[in-house]
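Asker: Numbering of the sequence shown is given in numbering that gives the first Met the number 0, commencing with residue 0 and proceeding in unit increments. For glycine and all other residues, C-beta sits at the position ideal for the given N, C-alpha and C.
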Amino acid sequence: MIYARIVGTGSHLPGDPVSNSDLASRGIETSDEWIADRTGIRFRHFAAKGIGSSDLALEASRQAIASAGIDSATVDLIIVATSTPDVIFPSTAALLQDKLGIRNGGAAFDVQAVCTGFVYALATAEKFIRSGSHRCALVVGAEVFSRILDWKDRGTCVLFGDGAGAVILAASDLSGGVLSSALHADGSHNNILSVPGQVSSGRVTGSPFLQMDGQAVFKFAVRVLGDVAVEAAELAGIGIADIDWVIPHQANIRILQATARRVGIPMEKVIVTVDKHGNTSAASVPLALDLAARDGRIRPGHKVLLEGVGGGFTWGAVLVEF
0 MIYARIVGTG SHLPGDPVSN SDLASRGIET SDEWIADRTG IRFRHFAAKG IGSSDLALEA
60 SRQAIASAGI DSATVDLIIV ATSTPDVIFP STAALLQDKL GIRNGGAAFD VQAVCTGFVY
120 ALATAEKFIR SGSHRCALVV GAEVFSRILD WKDRGTCVLF GDGAGAVILA ASDLSGGVLS
180 SALHADGSHN NILSVPGQVS SGRVTGSPFL QMDGQAVFKF AVRVLGDVAV EAAELAGIGI
240 ADIDWVIPHQ ANIRILQATA RRVGIPMEKV IVTVDKHGNT SAASVPLALD LAARDGRIRP
300 GHKVLLEGVG GGFTWGAVLV EF
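#1: Kindly list the residues whose CB is nearer than 7 Å to the CB of R261, restricted to its own chain and excluding five residues on each side of it in sequence; keep chain order.
#2: Mapping the DSSP letters down to three states, classify S180 as helix, strand or coil.
#3: What are the start and end residues of the alpha helix (DSSP H) that includes T155?
#4: Please work out which residues of its chain come closer than 8 Å, Cβ to Cβ, to A65, disregarding the five sequence neighbours upstream and downstream, and give them in chain order.
#5: Please report the straight-line C-alpha distance between H133 and S90, rounded to a whole angstrom.
#6: Short of 7 Å in beta carbon distance, which residues of its chain neighbour D241, apart from the five on each side in sequence? Order them along the chain.
#7: Do you know whose CA, among L168, R202, V319 and N190, lies nearest A181's CA?
#8: Tell me whether the beta-carbon of P207 lies closer than 8 Å to the beta-carbon of V194.
#9: Just to confirm my understanding: we take D212, look at its own chain, exclude 5 residues before and 5 after, and list those with CB closer than 6 Å. What are they?
#10: Exposed or buried, which one is I104 when buried takes at least 16 other CB atoms within 10 Å?
#11: Using 8 Å as the cut-off, can you tell me whether the stretch 68-76 makes contact with the stretch 294-310, which would need three or more C-beta pairs spanning the two stretches below that distance?
#12: Between the C-alpha atoms of L255 and G175, what's the straight-line distance to the nearest angstrom?
#13: Using alpha carbons as the reference points, say which of V245, T155 and D109 lies closest to L137.
#14: Classify L173: buried if its beta carbon has 16 or more other beta carbons within 10 angstroms, exposed otherwise.
#15: How would you write the range of the beta strand (DSSP E) that P247 sits in, first residue to last?
#16: For I87, which option in Q111, I101 and A47 has the closest C-alpha, if you only look at C-alpha atoms?
#17: Am I right that A163 and L290 are in contact with their C-beta atoms under 8 Å? What's the rounded C-beta distance?
#18: Rounded to whole angstroms, what's the CA-CA distance from D243 to F159? Just pull it up for me.
#19: For A165 and A67, what's the separation of their Cα atoms in angstroms?
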């Protein structure tokens, strides 16, 4: 039997950390206390002008490839989760493949599921590997969300940051790896979190900026993150108590705390990076995963639940044994 195991991780955050006070000094009507009390966010990173998602993905991918101890030429599948691609097309994954110098003709494509994007991409890559069609996948979440923020809207612009995280998912004869996955969507909730702009006749019509109903998002997120955590555990045939670490999408500390209470998971088992990174959309889960893998919290044999929720609305979880 073929198993799909995470054998390497990487991440990249552009530039220096930008504090809440830094944002206030730029003329945004806010304060460190206002942001931190409501969200838990204290810092985020912003990409410099001219730096795109593929550039952030490149740095994270190089780290993941080095961590896995492989030659980049062995990567035969690249999936990039992003809502902020460099261009309309070609895909960010194709651009990343070129920047990595991979010339083996392997598949490369993007996944757009907003903040659930990395979970969708990882679940998709696992199916390719388990089928036997591919042996080594590079799965990336990369975003430059700062490009789609309305800096006059203090309710949203202070929440987000830029970054990228990556993993190498490889075929293995050893049992473990991805134990289960569950992916869902409900398009009837499309209006509570969106960027409604459209490309028409060479220009963007409608708003090009993120719009969000924060209260509606909070209630929806807590419910579905709790439900999908239980679902993923049941599919893997284990109990919630058997999970060593939970890495949720890093949107808001209150969502993380409420979800943990709902499922009965102590916060000591939840990896939290929202204070340092803000909400990096599809990049948030792999950024947190790489941090916890490198600082030694995640060890061989640990069972780690990765879960996300995002605009669409989409949500999902992947349970992995390291």
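Answerer: Let me lay it out:
#1: Position 262 of the sequence shown, counted from the first residue, corresponds to residue 261. Closer than 7 Å at Cβ, skipping near neighbours: V221 and G225.
#2: In the sequence shown, residue 180 corresponds to position 181, counting from 1. Looking at S180 - three-state DSSP - the assignment turns out to be strand.
#3: Locating residue 155 in the sequence shown gives position 156, counting from the first residue. Run containing T155: R153 to C156, per the alpha helix (DSSP H) assignment.
#4: Start at 1 with the first residue of the sequence shown, and residue 65 comes out as number 66. Cβ within range, chain order: G7 and G9.
#5: For this step, residue 133 is matched to residue 134 along the sequence shown. For this step, residue 90 is matched to residue 91 along the sequence shown. Taking the straight line from one Cα to the other gives about 20 Å.
#6: Position 242 of the sequence shown, counted from the start, is the residue given in the question as residue 241. If we look at D241 and ignore the five residues flanking it on each side, its Cβ neighbours are K302.
#7: Within the sequence shown, numbered from 1, the residue matching residue 181 stands at position 182. Sorting L168, R202, V319 and N190 by C-alpha distance to the C-alpha of A181 places V319 at the top.
#8: For this step, residue 207 is matched to residue 208 along the sequence shown. For this step, residue 194 is matched to residue 195 along the sequence shown. Their beta carbons are under 8 Å apart, which means P207 touches V194 by this criterion.
#9: As a working mapping, residue 212 is identified with position 213 in the sequence shown. Once the five neighbours on either side are set aside, the close Cβ partners of D212 are I191.
#10: Here residue 104 is taken as the residue at index 105 of the sequence shown, counted from 1. Looking at the sequence provided, one finds Gly at residue 104 rather than Ile. So G104 ends up on the exposed side.
#11: no
#12: What you label residue 255 is simply residue 256 of the sequence shown in a count that begins at 1. What you label residue 175 is simply residue 176 of the sequence shown in a count that begins at 1. For L255 and G175, the distance between alpha carbons rounds to 27 Å.
#13: Reading the sequence shown from its first residue, position 138 is the one you call residue 137. L137 has its Cα closest to that of D109, out of V245, T155 and D109.
#14: Taking the first residue of the sequence shown as 1, we reach residue 173 at position 174. L173 is exposed by the Cβ-count criterion.
#15: Position 248 of the sequence shown, counting from 1, holds the residue named residue 247. Unbroken beta strand (DSSP E) run through P247: W244 to P247.
#16: The residue you call residue 87 lines up with position 88 of the sequence shown. Ranking Q111, I101 and A47 by Cα distance to I87 puts Q111 first.
#17: Within the sequence shown, numbered from 1, the residue matching residue 163 stands at position 164. Within the sequence shown, numbered from 1, the residue matching residue 290 stands at position 291. Not a contact, Cβ separation roughly 13 Å.
#18: Here residue 243 refers to the residue found at position 244 when the sequence shown is read from its first residue. Here residue 159 refers to the residue found at position 160 when the sequence shown is read from its first residue. Going by the C-alpha atoms only, they are around 28 Å apart.
#19: On the sequence shown, position 166 is the one that residue 165 refers to. On the sequence shown, position 68 is the one that residue 67 refers to. Approximately 11 Å between the Cα atoms of the pair.
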